[in-house]
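Taken in order, these protein sequences are the chains called A and B. Residue numbers for the first sequence follow my numbering, beginning at 365 and rising by one. Residue numbers for the second sequence follow my numbering, beginning at 141 and rising by one. Following: one structure in structure tokens, then a few remarks.
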Amino acid sequence: MNEEPGLMKIDGDDHTALQSNRGDFIAAVRQAVPLMVGLVPFGLAYGIMARQAGLSWLESYTMSLLVFAGAAQFTAVSMLGAGGVQVGLIVFTTLLINLRHLLMGASLAPYLQRLNVRWQALLAFGMVDESYALTITRFTTVGASHLYQLGANLALYLAWTTLSGVGAALGSLIKNPLQWGLDFAMPATFIVLLIPQLKSWKEVLVCVAAGALAVAGMTYLPGKWYIIFAALTATIIGGGVEELCGRQ
Amino acid sequence: MRPSIMLMIAGMAAVTFITRFAFIVLFKNASFDERLSRWLRFIPIAILSTLIAPTILMPQGFLNLSPHNSYLLAGIASAGVALKTRNIIATVAAGMAVILLLRAVLGWA
Numbered sequence: 365m366n367e368e369p370g371l372m373k374i375d376g377d378d379h380t381a382l383q384s385n386r387g388d389f390i391a392a393v394r395q396a397v398p399l400m401v402g403l404v405p406f407g408l409a410y411g412i413m414a415r416q417a418g419l420s421w422l423e424s425y426t427m428s429l430l431v432f433a434g435a436a437q438f439t440a441v442s443m444l445g446a447g448g449v450q451v452g453l454i455v456f457t458t459l460l461i462n463l464r465h466l467l468m469g470a471s472l473a474p475y476l477q478r479l480n481v482r483w484q485a486l487l488a489f490g491m492v493d494e495s496y497a498l499t500i501t502r503f504t505t506v507g508a509s510h511l512y513q514l515g516a517n518l519a520l521y522l523a524w525t526t527l528s529g530v531g532a533a534l535g536s537l538i539k540n541p542l543q544w545g546l547d548f549a550m551p552a553t554f555i556v557l558l559i560p561q562l563k564s565w566k567e568v569l570v571c572v573a574a575g576a577l578a579v580a581g582m583t584y585l586p587g588k589w590y591i592i593f594a595a596l597t598a599t600i601i602g603g604g605v606e607e608l609c610g611r612q
Numbered sequence: 141m142r143p144s145i146m147l148m149i150a151g152m153a154a155v156t157f158i159t160r161f162a163f164i165v166l167f168k169n170a171s172f173d174e175r176l177s178r179w180l181r182f183i184p185i186a187i188l189s190t191l192i193a194p195t196i197l198m199p200q201g202f203l204n205l206s207p208h209n210s211y212l213l214a215g216i217a218s219a220g221v222a223l224k225t226r227n228i229i230a231t232v233a234a235g236m237a238v239i240l241l242l243r244a245v246l247g248w249a
């Protein structure tokens with residue numbers, strides 16, 4: 365895979381540049397280790413939840429292999445578990461949850477323009493919150509390297525899919541994962557992803573508004589529509605406040 | 141694999157890939173509209189908050205702000221650890237420890 369001719373074009377024919385890129389791949393995998401460990405409760409909990417929502421082992425594992433989006437997969441299986449939810453609504457919710465990737469893609473785009481479209485697609489497929497955080501930090505501090513991004517993506521992909529598979533295998537054995545406190549792994553992980561983003565009162569306002577609207581929406585709206593209702597409304601509130609307050 | 145589940149997975153995979161790929165392939169020269177990016181930065185905050193709030197504030201399906209709500213207390217503990225450490229493992233461990241402790245020792249829901 366590293367010998368693909370496209371790579372030589374990107375790095376020129378400079379042999380040392382290619383070698384340093386291989387070092388980048390290893391550096392990425394090494395730096396991804398703490399995040400892979402952080403995925404353990406998350407990946408296991410997904411697999412267990414998927415089985416309890418009625419998915420087979422193969423269906424649970426295939427979703428991780430093809431979708432590779434933790435928050436969206438959790439939401440999908442909890443919607444399935446609630447029952448009576450249409451496929452279209454789950455796909456639409458997935459789209460909304462993953463809209464944040466548009467911004468991540470935009471910020472990475474200038475570094476990836478010299479790659480051919482197959483490489484861009486490969487790197488885009490593996491761009492999750494954790495690998496994006498590693499990649500953009502590396503690109504802005506050390507320098508752009510597609511092999512660094514590939515290493516980060518691959519490390520988190522292997523961790524996520526393996527843990528999902530193990531969790532889904534355990535899912536039929538563990539009768540009540542709530543007793544293990546595993547059900548709290550997801551909100552706790554979301555909390556640690558959310559907290560660093562609350563940089564000013566505007567972000568805090570969006571967070572509080574979304575939380576309050578989610579509680580109200582869950583009480584008064586059918587099914588899982590509260591996710592779309594609360595997230596969209598809170599985003600519009602944030603954007604509106606931003607427009608009113610000018611561009612500080 | 142049931143056809144309806146395969147359809148769901150295929151749809152989820154397609155929309156997820158589109159959101160990840162769209163701006164990488166469309167934005168040739170990094171001239172990302174500043175105003176749009178100021179709006180978009182609220183989306184992850186709004187979505188994460190939307191997913192967190194009901195699990196912590198209404199674990200039994202109704203609003204429960206009492207101190208006997210173990211999810212609420214675990215959420216507060218997790219937020220504190222997240223604020224201090226920004227560490228996923230420490231945050232998840234703190235939250236699960238509080239939940240397990242309250243359940244085992246005090247028998248709370």
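Cβ coordinates follow ideal geometry from the N, Cα and C atoms, glycine included.
Asked, Found
"Cα-Cα, which of A:P586, A:K566, A:L527 is closest to A:G610?", "A:K566"
"Any beta carbon from chain B within less than 7 Å of A:A552's own beta carbon?", "yes"
"If you reduce the DSSP assignment to three classes, tell me which class A:A566 lands in.", "What sits at residue 566 of chain A in the sequence shown is Lys, not Ala. Helix at A:K566."
"Can you find a C-beta in chain A that's less than 7 Å from the C-beta of B:S206?", "no"
"Grouping DSSP H, G and I as helix and E and B as strand, with all else coil, what is A:L486?", "helix"
"My assumption, with CB atoms under 8 Å, is that B:I192 sits in contact with A:P551. Please give the rounded CB distance.", "5 Å"
"Along the chain, where does the alpha helix (DSSP H) that runs through A:L534 open and close?", "510-535"
"Select from the stretch 181-205 of chain B all residues with a C-beta closer than 7 Å to any C-beta belonging to chain A, and list them in chain order.", "R181, F182, I183, P184, I185, A186, I187, L188, S189, T190, L191, I192, A193, P194, T195, I196, L197, M198, L203"
"Give a yes or no on whether the minimum CB-CB distance between A:N462 and chain B is below 7 Å.", "yes"
"Do A:G515 and A:A433 come within 7 Å of each other at the CB atom, strictly closer than that value?", "no"
"Counting along the chain, where does the alpha helix (DSSP H) carrying A:P405 start and finish?", "379-416"
"DSSP three-state label for A:R478, please.", "coil"
"Could you check if A:Y666 is buried or exposed, using at least 16 other CB atoms within 10 Å of its CB as the buried criterion?", "Outside the modelled stretch of chain A, which goes from 365 to 612, sits residue 666 of chain A, for which no answer is possible."
"Can you find the residues in the same chain that come closer than 8 Å, C-beta to C-beta, to A:L429, ignoring five residues on each side of it along the sequence?", "T525"
"So B:G235 contacts chain A; which residues on that side make the cut at Cβ distance below 7 Å?", "F548, A552"
"Assuming A:G411 and A:A532 are in contact, meaning their beta carbons sit under 8 Å apart, how far apart are those beta carbons, in whole angstroms?", "4 Å"
"Mind reading off the beta-carbon distance from A:V451 to B:L147? Whole number of angstroms is fine, and I expect it under 8 Å.", "6 Å"
"B:L240 to B:R175, Cα distance in whole Å?", "45 Å"
"Please tell me whether A:V431 and B:M152 are closer than 7 Å, where the distance is taken between their beta carbons.", "yes"
"Looking at A:M400: is its Cβ nearer than 7 Å to the Cβ of A:A519?", "yes"
"So is B:T190 buried or exposed if we call it buried at 16+ other beta carbons inside 10 Å?", "buried"
"Is B:I164 closer than 7 Å to A:G469 when the C-beta atoms are compared?", "yes"
"Ignore the nearest five residues each way along the sequence and tell me which others in A:A497's own chain have a CB closer than 6 Å to its CB.", "none"
"I'd like to know if A:I500 contacts chain C, where contact means its C-beta is closer than 7 Å to some C-beta of that chain.", "The chain labelled as chain C is not found among the protein chains of the depicted structure, namely A and B."
"Would you say A:V556 and B:A222 are within 7 Å of each other, going by their C-beta atoms?", "yes"
"Can you confirm whether B:A244, when its beta carbon is compared against all beta carbons of chain A, has any partner nearer than 7 Å?", "no"
"Can you grab the Cα-Cα spacing for the pair B:I145 / A:A409, in whole Å?", "20 Å"
"Between A:P474 and B:P199, what straight-line distance do the alpha-carbon atoms span, to the nearest angstrom?", "43 Å"
"Thinking C-alpha only, which one of A:P560, A:V570, A:A580, A:L444 is nearest B:G220?", "A:P560"
"Would you say A:A532 reaches chain B, if we count a Cβ-Cβ gap shorter than 7 Å as a contact?", "no"
"Applying the 10 Å Cβ sphere with the 16-neighbour rule, what's the burial state of A:I390?", "exposed"
"Note down the Cα distance separating B:F202 from A:T583, rounded to an integer number of angstroms.", "7 Å"
"Buried or exposed: B:R226, going by 16 or more other Cβ atoms within 10 Å of its Cβ?", "exposed"
"Is the stretch 477-493 of chain A touching the stretch 204-218 of chain B in the sense that three or more CB pairs, one from each, lie closer than 8 Å?", "no"
"How big is the Cα-Cα spacing for B:R142 and B:K224?", "45 Å"
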